[in-house]
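Just below is one structure, and these are the notes that go with it.
In the numbering used here, the protein residues as written are 1 to 221.
This is the structure:
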């Protein structure tokens, strides 16, 4: 994959750093061992965080700032990482989707970054560009129907939007048939070392739960 960060993003977040993990994988409907990890993290967070203090996590706070800079209300269109942790803190179970989606959610919860997971074989072209959503731009969020992405950071392939920090697109979503995975970590806080740690954490999860060698990652800005 080639990934381009547009001037639009550089203007509102000059320190942005991202990481792309690309791997061959085998998906499964459910992994009990993975869910033990997820529940353990939920228990720890309920002891350490509140629904207000979680907003101070570096990755979440920075994503919220970028939303505001782009003209989006981060309390109405929550970054996915914040929404997932809030759900845990409220004592609610996370939605169980499939092993790949579940492990990406765990990686997002663990580091506070909004992370996009995609079936790379569904991309149109070999380049993704990170920009900002336009007024009236069509976008079908996974399980959400059509959503307004004006003012949201958005990755686009040659056909259109595929991912925002709030929701990825139905067109490129992961399924049980996914074999070629791309995961994008959005470090709006500019902390490259932590973004790389998150990428390596994902590689480790893929080795444990997705019959993968972990693939490779690269950093982009």
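Ideal Cβ placement from N, Cα and C applies to all residues, glycine included.
Three or more Cβ pairs closer than 8 Å define a contact, and the region 97–111 meets that threshold against the region 31–42.
Secondary structure note for residue 22: its beta strand (DSSP E) is the uninterrupted segment 17–24.
Residue environment for residue 206: buried (at least 16 other C-beta atoms within 10 angstroms of its C-beta). Taking a C-beta distance under 7 Å as the contact criterion, residue 1 and residue 42 do not qualify as a contact pair. Straight across, the Cα-Cα distance linking residue 138 with residue 132 is about 13 Å.
Looking at 209, 221, 123, 220, the one whose alpha-carbon comes closest to that of residue 98 is 209. By the C-beta criterion, the region 70–80 is judged not to be in contact with the region 169–183, since fewer than 3 inter-stretch pairs fall below 8 Å. Burial of residue 156 is indicated by the presence of at least 16 other C-beta atoms within 10 angstroms of its C-beta. Going by DSSP, residue 130 is part of the beta strand (DSSP E) stretching over 127–132.
Cβ contact annotation for residue 121 (same chain, cutoff 6 Å, sequence separation greater than five): 180, in chain order. In the three-state scheme derived from DSSP, where H, G and I count as helix and E and B as strand, residue 144 is classed as coil. By the criterion of at least three beta-carbon pairs nearer than 8 Å, the region 184–202 is in contact with the region 10–19. For residue 119, the enclosing beta strand (DSSP E) starts and ends at 114–119. Around residue 38, the same chain offers 94, 102, 105, 106, 109 as residues with beta carbons nearer than 8 Å, after the five sequence neighbours per side are excluded.
Of the candidates 91, 54, 119, the residue whose Cα lies closest to the Cα of residue 111 is 54. In the three-state DSSP reduction, residue 59 falls in the helix class (H, G or I). If you check the CB distance, residue 62 and residue 12 do not come in under 7 Å. For residue 97, no beta strand (DSSP E) encloses it, and the DSSP letter there is neither H nor E. Taking 7 Å as the cut-off, the beta carbon of residue 4 is found closer than this to the beta carbon of residue 129.
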